[in-house]
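Residue numbers (UniProt numbering): 1 to 163.
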């Protein structure tokens, strides 16, 4: 992935998004849930056939934590909430995916940012296939944790994918 397509996780908007993600986690905790907020090092849209979707690179420690939650999970992270921030005329998009395991009352909160021009083909494919995959992994490993979203339209505005 070229650096020009990598999503900056240092912009002021990113800091606001992470603060919103932390506030969402606090709400879950107040309701008795375990909640983890990831702090992505990078978010990359990837269109290759084997791992199409959003690639979210996290630290090895964060990956190990999420992996332990997924492995110890009794039911599965089969539901999600998505909070999408409107584009405000810019190319950069921001969203928060809350991956939810209802059985264990565990939430993994994933802040996302992406350039719509770089992500357009990934999102169009996801809309066509009715599934957007979010792949979480550490930078130096081949392991992946995959969260599936059956309604990719939650990650875009209609005008984002119109020709």
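All residues carry an ideal CB built from backbone N, CA and C; glycine is no exception.
The shortest CA-to-CA distance from residue 49 to any of 79, 132 and 110 is the one to 132. With at least 16 other beta carbons inside 10 angstroms of its own, residue 115 counts as buried.
Counted as a single uninterrupted DSSP element, the alpha helix (DSSP H) harbouring residue 29 occupies residues 12 to 30. Under the criterion of beta carbons closer than 8 Å, residue 45 and residue 119 qualify as touching, at roughly 4 Å.
Checking the DSSP bridge columns, you'll see residue 114 partnered with 93. If you compare the alpha carbons of 21, 127 and 67 with that of residue 157, the shortest gap goes to 127.
Boundaries of the alpha helix (DSSP H) around residue 160: 158 to 161. In the structure shown, residue 51 falls within a coil segment according to DSSP collapsed to helix, strand and coil. Short of 8 Å from the beta carbon of residue 47, and not among the five residues preceding or following it, lie these beta carbons of its own chain, in chain order: 121, 122 and 125.
Of the candidates 107, 86 and 111, 111 places its Cα closest to the Cα of residue 20. In this structure, residue 109 sits away from residue 56, with a CB-CB distance that is not shorter than 9 Å. With a cutoff of 9 Å on beta-carbon distance, residue 27 and residue 94 are scored as not near each other. Taking the Cβ atoms as the reference, residue 24 lies roughly 7 Å from residue 96, within the contact range of under 8 Å. In the DSSP assignment, the residues bridged to residue 83 are 96.
Within the DSSP bridge table, the entry for residue 34 names 106 as partners. Between residue 83 and residue 98, the gap from beta carbon to beta carbon is short of 9 Å. DSSP places residue 139 in the coil class of the three-state scheme, outside both helix and strand.
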